[in-house]
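Numbered by UniProt numbering, the letters in the sequence shown go through residues 1 to 301 in order.
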Amino acid sequence: MKLQDFLGKQEKWNFEAIGQDAELTRQIQVLLIGLGLLDPPADGKFGPVSAAALKKFQELTKAGETDFLGAVTAKSLIETKPEDLPEPPLKLSNSIASRIVKYLIKQEYQVFTGARQYNIVYVEGMNEDWSLNSDTPNQFNDRRIVIEIVEGVPKIVNHWQATTEPGRYYTYNAMNSKGAARIKFGQYKAWAVGYHGNADRHEALIQVAPITVHRDFNKDFQRTGDKLDTGLFLVNQHWGYDAPTNDIKNASAGCLVGRRRDGHREFMAIIKQDRRYLANKDYVFYTTIIPGDDLLKTVPG
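Following this line, the structure appears as structure tokens:
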């Protein structure tokens, strides 16, 4: 049986009947996975998780069919695209996760609201307790943050000490004659899962699309007045080799770097549970880099 066989007919299959048809089950699962309502794989087994996903689909599309598959649900499953599904309204508060989301919205950046669709954000010059710091050069004084919207509520999945800037070593010994790269604040769809490094090679998010950086030709550790440069620069999201908090050493030439190895492994484990990555291992992630002082000024608590 296929979904197409229900169209224009009075067929009504309960969930037990669906479960006895592996071909139909697999087709339903494939479509629900594509809509972001079910995690892969499509195994042809219609258990409680698949049933819950189908019920959720029926609720979102107002199919009017409860606990059974009929012509209305079948037609809707075949025709519905991910962008056709209504998104739950955002429920924003004064939490730091909500304030970051408010800031992203004000900047007209993309905010992903689906379950297990993670928002990667780096906040420059911010401490673990969400207070600002002096953003002193050559220090791990930024935050790498993963945010998920759960039933409309922004939640911080986890966050780690990081740097969005090159350290002293690569500022004075730039790998590019134009100067060290300091990423321009903004949002970029530019990173995919891959491997970084040679001697200490590890899983990371690898730059696969152009981004814009400031070139610190005068080596003043500032973006102000620096020329912009857009392209592929191997600006990856990797670990910082457990370098000291107050000395980046040669851990960053302009990459987005989480200081500790164990924290970076946690970051990658979370990112690899993203629904979009599970469906497509070549998925390209968005990442947003924002200044902490502008965040707190624009969205006060």
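Even for Gly, the Cβ is constructed at its ideal location relative to N, Cα and C. Because the structure is a prediction, the values reported are computed rather than measured.
Identity of the residue in the options nearest residue i by Cα
{"i": "Glu65", "options": "Val235, Arg201, Thr245, Asn14", "result": "Asn14"}
{"i": "Tyr286", "options": "Ala17, Leu37, Leu104, Glu165", "result": "Leu104"}
{"i": "Gln4", "options": "Ile100, Gly19, Leu24", "result": "Leu24"}
{"i": "Cys255", "options": "Lys2, Phe267, Asp200, Trp239", "result": "Trp239"}
{"i": "Leu85", "options": "Tyr195, Arg116, Leu60", "result": "Leu60"}
{"i": "Thr163", "options": "Lys178, His196, Thr245", "result": "Thr245"}
{"i": "His159", "options": "Glu148, Glu165, Gly152", "result": "Glu148"}
{"i": "Gly44", "options": "Ser134, Asp21, Lys297", "result": "Asp21"}
{"i": "Asp282", "options": "Gly194, Ala251, Asp262, Leu296", "result": "Gly194"}
{"i": "Glu203", "options": "Gly263, Ala180, Pro154", "result": "Gly263"}
{"i": "Met268", "options": "Asn138, Asn280, Asp142, Gln237", "result": "Gln237"}
{"i": "Leu35", "options": "Pro154, Ala279, Asp293", "result": "Ala279"}
{"i": "Leu234", "options": "Phe221, Tyr241, Val257", "result": "Val257"}
Beta-bridge partners of residue i, as assigned by DSSP
{"i": "Ala180", "result": "Asp216"}
{"i": "Gly194", "result": "Ala204"}
{"i": "Phe68", "result": "Asn14"}
{"i": "residue 340", "result": "For residue 340 there is no data in the structure shown, the boundaries of the chain being 1 and 301."}
Rounded distance between the beta-carbons of residue j and residue i, thought under 8 Å
{"i": "Ala63", "j": "Lys9", "result": "That belief does not hold up - the Cβ atoms of Ala63 and Lys9 are roughly 16 Å apart, past 8 Å."}
{"i": "Asn94", "j": "Gly301", "result": "5 Å"}
{"i": "Asp216", "j": "Arg182", "result": "6 Å"}
{"i": "Phe140", "j": "Gln161", "result": "5 Å"}
{"i": "Lys227", "j": "Thr171", "result": "No, Lys227 and Thr171 are not in contact; Cβ-Cβ is about 15 Å, not under 8 Å."}
{"i": "Val123", "j": "Ile290", "result": "6 Å"}
{"i": "Ala53", "j": "Leu32", "result": "5 Å"}
{"i": "Asp274", "j": "Arg144", "result": "15 Å between Cβ atoms; not a contact."}
{"i": "Gln58", "j": "Thr80", "result": "With 8 Å as the limit, Gln58 and Thr80 do not qualify as a contact, their Cβ atoms being about 11 Å apart."}
{"i": "Gly152", "j": "Lys91", "result": "4 Å"}
Other residues of its chain near residue i: CB distance less than 7 Å, five sequence neighbours each side excluded
{"i": "Lys249", "result": "Gly167, Tyr169, Ala243"}
{"i": "Val30", "result": "Ala42"}
{"i": "Leu232", "result": "Gln207, Pro210"}
{"i": "Met175", "result": "Ala253"}
{"i": "His214", "result": "Arg182, Lys184, Arg223, Asp226, Leu228"}
{"i": "Phe68", "result": "Lys12, Trp13, Asn14"}
Contact set for residue i: own chain, Cβ-Cβ below 8 Å, skip 5 residues either direction
{"i": "Val284", "result": "Lys189, Ala190, Trp191, Ala192, Val208, Ala209"}
{"i": "Ile96", "result": "Trp130, Ile156"}
{"i": "Phe112", "result": "Tyr118, Asn119, Ile149, Tyr286"}
{"i": "Lys178", "result": "Arg215, Phe217, Lys227, Asp229"}
Close Cβ partners of residue i (< 6 Å) along its chain, the five nearest in sequence each way excluded
{"i": "Thr230", "result": "Pro210, Thr212"}
{"i": "Leu37", "result": "Ala53, Lys56, Phe57"}
Open item on the list: To test your reading of the DSSP string, which unbroken alpha helix (DSSP H) runs of 4 or more residues are found completely within the UniProt domain "Peptidoglycan binding-like" (24-59)?
Closed with: none
Task: Length at least 4, wholly inside the stretch 139-173: the alpha helix (DSSP H) runs in chain order - done: 168-172
Open item on the list: Report the start-end ranges of each alpha helix (DSSP H) in the stretch 232-288 that is 4 residues or longer and not cut off at the edges.
Closed with: 261-271, 275-279
- [ ] Scan the stretch 78-132 and note each continuous alpha helix (DSSP H) run of 4 residues or more that stays entirely inside, going in chain order.
- [x] 96-106
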